[in-house]
Amino acid sequence: MSLFSFSPPGPILAFLASYLIGSIPFGLVLTTLAGLGDIRHIGSGNIGATNVLRTGKKGLAAATMVMDVMKGFLAVLFFKAVCPEQTQLCMALAGLGAIIGHCFPLWLKFRGGKGVATGIGVFWAFCWPVGLICSFVWAFTVKLSRISSAGALLSFFIAPLLMPALTTHPVSSPIPVATDIIAILVWVRHYGNLVRLIQGKEHRFKEQD
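So for the sequence shown, numbering that gives the first Met the number 0 puts the first residue at 0; every next one is plus one.
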């Protein structure tokens with residue numbers, strides 16, 4: 000075997016590398032660089048774009064959302080490109096790794112975000128029509144209700160229904176199964192939000208937010 004021969008990465012490497020990518024806390028990094036302090040001590044204490052918006056910096060919130068989306072999107076596409084064998088499994092594990100990394104980042108003692116933006120980025124890479132529909136549902140629901148969690152819960156409720164319907168993958172294949180797990184994880188991470196929604200106490204964005 001040549002010293003410089005290349006061995007394509009496998010499913011385990013796809014998961015671990017994507018976990019490290021997903022663990023990058025862009026919300027914390029951006030707010031710290033902007034001199035706003037530790038985002039974990041502001042608002043809900045979350046590192047995601049919704050909490051960054053509570054600093055009043057819409058540009059930082061938008062940048063956080065884009066970067067969180069892209070880390071899920073690019074992780075899946077990268078391992079789709081470099082895994083000629085078991086491609087679906089590598090993609091599925093890359094997507095799971097990215098969102099688990101975001102929710103439970105190694106660098107923050109496993110206390111991370113709720114996975115919405117990163118999960119939608121993963122869906123775009125799995126199947127762009129699913130990503131597009133989930134993005135639209137999230138944005139439209141937030142626009143109508145002014146409640147971020149309502150958009151998240153609804154978009155991640157429909158994603159498992161859309162993925163097998165809009166792809167050729169059977170429901171038991173890696174990508175639909177990964178979509179199911181991601182959706183469940185996001186719903187579990189939003190348990191407190193769901194309780195407040197039921198009680199009518201969930202935070203709404205103000206018109207100036």
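Here a beta-carbon is modelled for each residue, glycine too, at the ideal position from N, C-alpha and C.
(message) I'd like the list of long-range same chain contacts for F77, defined as Cβ closer than 8 Å, with 5 residues on each side in sequence excluded.
(response) A93
(message) Assuming the contact rule is C-beta atoms closer than 8 Å, W123 and F155 should be a hit. Round their C-beta distance to whole Å, please.
(response) Rounded, the Cβ-Cβ distance is 14 Å, inconsistent with contact.
(message) Please report the straight-line C-alpha distance between E201 and N192, rounded to a whole angstrom.
(response) 6 Å
(request) Return helix, strand or coil for F103, following the three-state DSSP convention. (result) coil
(request) Tell me whether R39 sits in a helix, a strand or coil according to DSSP, three-state version. (result) helix
(request) Could you check what DSSP says for R195 in three-state terms: helix, strand or coil? (result) helix
(message) With distance defined between alpha-carbon atoms, name the residue in L184, I41, K113, C126 nearest to A164.
(response) C126
(message) Do A60 and L29 have their beta-carbon atoms positioned less than 7 Å apart in this structure?
(response) no
(request) Determine the closest residue to L15 out of L105, K57, A80, with distance taken between C-alpha atoms. (result) L105
(request) Take the Cβ of Y18 as the centre, count every other Cβ of all protein chains shown within 10 Å, and call the residue buried at 16 or more, exposed below. (result) buried
(message) Which residue marks the beginning of the alpha helix (DSSP H) containing N50, and which one marks its end?
(response) 48-52
(request) Specify the secondary structure class of C210 as computed by DSSP and reduced to three states. (result) Residue 210 is absent from the structure shown; the chain starts at 0 and stops at 208.
(request) Return the residue from the list T178, H189, R195, G199 that minimises the CA-CA distance to L95. (result) Looking at the Cα atoms, T178 is the closest of the given residues.
(request) Would you mind sorting V170 into buried or exposed? The rule is 16 or more other CB atoms within 10 Å of its CB. (result) exposed
(request) Pull up the distance between the alpha-carbon of V51 and that of K57, whole angstroms please. (result) 8 Å
(request) Determine the burial state of H40: buried for a count of at least 16 other Cβ atoms within 10 Å of its Cβ, exposed for fewer. (result) Its Cβ having fewer than 16 others within 10 Å, H40 is exposed.
(request) Just the C-alpha distance for W137 and K113, rounded to the nearest angstrom, thanks. (result) 14 Å
(message) Here's the rule I'm using: 16 or more other beta-carbon atoms within 10 Å means buried, otherwise exposed. How should P83 be labelled?
(response) exposed
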